[in-house]
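Protein chains in written order, with our numbering: chain A, 5 to 134; chain B, 19 to 496. Every residue gets a Cβ at the ideal spot worked out from N, C-alpha and C, and that includes glycine. No experiment lies behind these values; they were computed from the predicted model shown.
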């Protein structure tokens with residue numbers, strides 16, 4: 005089973021998702037803020053990061069963090085699932101397959117509220133070693 | 019079968035404050051007036067040319083038989099002068115929009131130029147036709163009235179005074195034999211007109227002009243004031259509407275976070291503790307889940323509608339859109355719903371347009387999910403892309419419950435649901451077609467609906483194929 009890190013300011017949802025993934029046998033750590041997140045990811049070396057986009061102090065903090073992870077040696081290969089709860093209010097479509105990987109270097113986008121079976125499917129897909 | 023057409027109507031925001039001159043007339047209105055002036059002048063040129071040509075072509079005796087003196091070349095000379103002035107004015111107007119924006123002063127100066135040159139030409143015309151023998155002097159009223167409509171009271175008074183001065187100078191100079199007597203009637207060739215007769219004709223005439231100026235300018239002023247008040251009231255309504263929309267968005271957004279928490283808890287119960295939960299409790303959780311799905315759809319629709327309403331009509335997201343790929347993506351998203359309802363979806367055709375992918379996807383998601391939801395079990399939803407000369411038509415047809423003729427014009431209104439629709443699908447938010455209408459307005463699309471109760475509904479979305487949307491954006495920016 006794998007090490008997964010969830011970074012999301014919604015404590016209730018994060019804890020529930022973590023509990024669900026733990027029940028599937030994964031080792032899950034959680035962060036409720038992006039502050040110092042790169043350091044935590046570097047130290048914890050998770051095999052997968054599940055990351056929210058909007059945080060209270062910065063509505064695009066998830067975008068910035070995803071780019072920082074990609075730029076940091078040692079963790080730049082870590083797969084990232086970006087949780088986009090912003091579709092209705094944000095003039096951007098994440099559901100298409102034409103998102104430029106240079107602009108947003110993540111492996112998958114999932115719209116919040118995430119359906120847990122769908123999340124598990126993506127997690128298992130991304131954790132499969134090539 | 020009933021049908022309804024939703025045209026890309028202008029948004030209420032279009033009536034928002036516009037740059038205007040001191041009298042509240044906008045550059046666009048003035049420009050329209052300036053163009054109208056030039057068109058009217060062509061008819062005067064035509065009359066003068068006809069009169070001049072008649073003077074050359076017809077025997078002078080024939081004209082004399084009708085009581086007219088042969089006019090000579092002056093009507094044609096006047097026609098040429100008016101033509102030159104008109105061409106100059108048209109060129110001036112054409113060059114106005116190419117500057118940064120329609121400058122109010124520039125258009126007003128053009129109208130002033132046209133009025134002053136017209137008054138000078140008219141004075142020569144009045145003198146030539148006979149200022150006191152005919153009613154031609156009342157042609158000045160045309161300019162006085164137009165000045166009252168186009169300009170404020172001060173400017174229109176200046177036009178009236180200028181007309182009066184030119185007319186009085188002409189008749190008195192003619193009466194005092196400074197100007198040779200002219201006219202189109204034979205008695206004009208006799209000596210100078212009687213001074214007393216001139217005064218008794220000219221002074222009351224000019225008095226009538228000032229009375230007309232007073233009445234028309236007062237009326238025009240009050241209409242303009244009312245127009246400004248209406249404009250201000252409209253602006254207040256638009257602002258209040260925007261504020262209300264913003265408040266609704268804030269409240270809905272605030273509802274979203276705690277609601278997501280509830281959903282998350284339902285999910286953890288369903289996917290982590292389901293086996294430990296007794297059947298009776300599972301049933302209750304299932305009901306809570308179903309209710310929360312309805313609520314989630316409503317929150318989603320309100321936020322989508324709010325975001326579309328606050329979006330500019332021509333968004334930055336405009337680019338080439340492969341409609342087939344977009345509809346295939348919508349199909350993938352709605353496959354679960356279609357399977358649940360046992361409805362098949364058939365997509366045919368292919369085309370590309372220049373538009374906003376995100377908004378088009380929202381529009382087709384709503385139309386196709388409606389078609390699925392209101393189809394009968396085992397039915398088929400047909401989606402066809404057809405390329406036409408200047409546009410692409412996308413047809414979304416179902417063979418479901420249909421819409422009555424009476425309800426058809428209302429289906430695009432916020433929260434509107436027909437009784438049949440509400441009983442067929444109690445989870446409907448009533449906002450799906452309001453979202454469709456908003457996208458159609460934003461992207462300037464036309465939507466046609468045909469429906470027959472019990473037989474089904476067909477929507478035709480007509481998307482301009484060329485860069486009309488880009489042109490629209492440029493026009494709005496200018």
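Residues near residue i by beta carbon distance below 8 angstroms, same chain, minus five either side
| i | result |
| --- | --- |
| residue 134 of chain B | 180 |
| residue 137 of chain B | 158, 161, 177, 180, 181, 184 |
| residue 45 of chain A | 9, 53, 73, 76, 79, 82 |
| residue 148 of chain B | 154, 200, 201, 202, 203, 206 |
| residue 60 of chain A | 13 |
| residue 15 of chain A | 36 |
| residue 244 of chain B | none |
| residue 57 of chain A | 63, 64, 65, 66, 67, 86, 87, 88, 89, 90 |
| residue 124 of chain A | 24, 25, 28 |
Sequence-distant residues of its chain with Cβ nearer than 7 angstroms to residue i (five each side left out)
| i | result |
| --- | --- |
| residue 41 of chain A | 11, 35, 69 |
| residue 89 of chain B | 69, 70, 73, 202 |
is_contact[residue i, chain A] using C-beta, thresh 9 angstroms
| i | result |
| --- | --- |
| residue 288 of chain B | yes |
| residue 450 of chain B | no |
| residue 357 of chain B | no |
| residue 481 of chain B | no |
| residue 314 of chain B | yes |
| residue 275 of chain B | yes |
| residue 304 of chain B | no |
| residue 104 of chain B | no |
| residue 36 of chain B | At residue 36 of chain B, the pLDDT of 47 sits below 50, so the modelled position is not reliable and the matter cannot be decided from this model. |
| residue 283 of chain B | yes |
| residue 490 of chain B | Below a pLDDT of 50, predicted positions are generally treated as unreliable, and residue 490 of chain B, at 49, falls in that range; no measurement from the model is reported. |
| residue 9 of chain B | The requested residue 9 of chain B is not part of the displayed model; chain B covers only 19 to 496. |
| residue 278 of chain B | yes |
| residue 382 of chain B | no |
CB contact check: residue i to chain B, cutoff 9 angstroms
| i | result |
| --- | --- |
| residue 49 of chain A | no |
| residue 86 of chain A | no |
| residue 116 of chain A | yes |
| residue 1 of chain A | Given a span of 5 to 134 for chain A in the structure shown, any question on residue 1 of chain A remains unanswerable. |
| residue 23 of chain A | yes |
| residue 77 of chain A | no |
| residue 17 of chain A | yes |
| residue 80 of chain A | no |
| residue 61 of chain A | no |
| residue 14 of chain A | yes |
| residue 20 of chain A | yes |
| residue 132 of chain A | no |
According to DSSP, residues forming a beta bridge with residue i
| i | result |
| --- | --- |
| residue 87 of chain A | A/56, A/114 |
| residue 35 of chain A | A/11 |
| residue 477 of chain B | B/414, B/467 |
| residue 128 of chain B | DSSP lists no partner for residue 128 of chain B. |
| residue 338 of chain B | B/372 |
| residue 22 of chain B | B/467 |
| residue 343 of chain B | In DSSP, residue 343 of chain B forms no bridge with anything. |
| residue 62 of chain A | A/59 |
| residue 403 of chain B | B/412 |
| residue 398 of chain B | B/362 |
| residue 482 of chain B | B/409 |
Residues near residue i by beta carbon distance below 6 angstroms, same chain, minus five either side
| i | result |
| --- | --- |
| residue 129 of chain A | none |
| residue 95 of chain A | Low per-residue confidence applies at residue 95 of chain A: pLDDT is 47, beneath 50, and the placement is therefore not dependable, though the value from the model is reported in the following sentence. Closer than 6 angstroms at Cβ, skipping near neighbours: no residue. |
| residue 28 of chain B | Its pLDDT being 45, under 50, residue 28 of chain B is placed unreliably in this model, and the value from its coordinates should be taken loosely. Cβ neighbours of residue 28 of chain B beyond the five flanking positions: none. |
| residue 117 of chain A | none |
| residue 371 of chain B | 339, 410, 481, 483 |
| residue 78 of chain B | 88 |
8 angstroms contact criterion, which residue i and residue j should meet: CB distance rounded
| i | j | result |
| --- | --- | --- |
| residue 186 of chain B | residue 220 of chain B | 6 angstroms |
| residue 65 of chain B | residue 100 of chain B | Not a contact, Cβ separation roughly 10 angstroms. |
| residue 453 of chain B | residue 326 of chain B | 7 angstroms |
| residue 235 of chain B | residue 171 of chain B | 5 angstroms |
| residue 163 of chain B | residue 230 of chain B | 7 angstroms |
Test: residue i CB closer than 9 angstroms to a CB of chain D
| i | result |
| --- | --- |
| residue 101 of chain B | No chain D appears in the structure shown, which is made up of the protein chains A and B. |
Below 8 angstroms, how does it come out for the region 309 to 316 of chain B and the region 337 to 351 of chain B: are there three or more Cβ pairs, yes or no? Touching, no, given that fewer than three Cβ pairs across the two stretches are closer than 8 angstroms.
Touching by the beta-carbon criterion (3+ pairs, under 8 angstroms), the region 304 to 313 of chain B and the region 274 to 290 of chain B: With the cut-off at 8 angstroms, the region 304 to 313 of chain B and the region 274 to 290 of chain B touch.
Could you tell me whether the region 466 to 477 of chain B touches the region 408 to 428 of chain B, using the rule of 3 or more Cβ pairs below 8 angstroms? The region 466 to 477 of chain B is in contact with the region 408 to 428 of chain B.
Does the count of Cβ pairs from the region 392 to 407 of chain B and the region 351 to 368 of chain B closer than 8 angstroms reach three? Three or more beta-carbon pairs drawn from the region 392 to 407 of chain B and the region 351 to 368 of chain B are found closer than 8 angstroms, and the two stretches are therefore classed as touching.
Do the region 435 to 447 of chain B and the region 367 to 387 of chain B meet, that is, are 3 or more Cβ pairs less than 8 angstroms apart? Short answer: they don't touch.
Check whether the region 425 to 433 of chain B touches the region 383 to 398 of chain B, taking contact to mean three or more Cβ pairs, one atom from each stretch, closer than 8 angstroms. Flag = no, the region 425 to 433 of chain B and the region 383 to 398 of chain B do not touch.
Decide if the region 105 to 115 of chain B is in contact with the region 51 to 66 of chain B; the criterion is three or more beta carbon pairs, one per stretch, under 8 angstroms apart. Three or more pairs of CB atoms, one per stretch, sit closer than 8 angstroms, so the region 105 to 115 of chain B contacts the region 51 to 66 of chain B.
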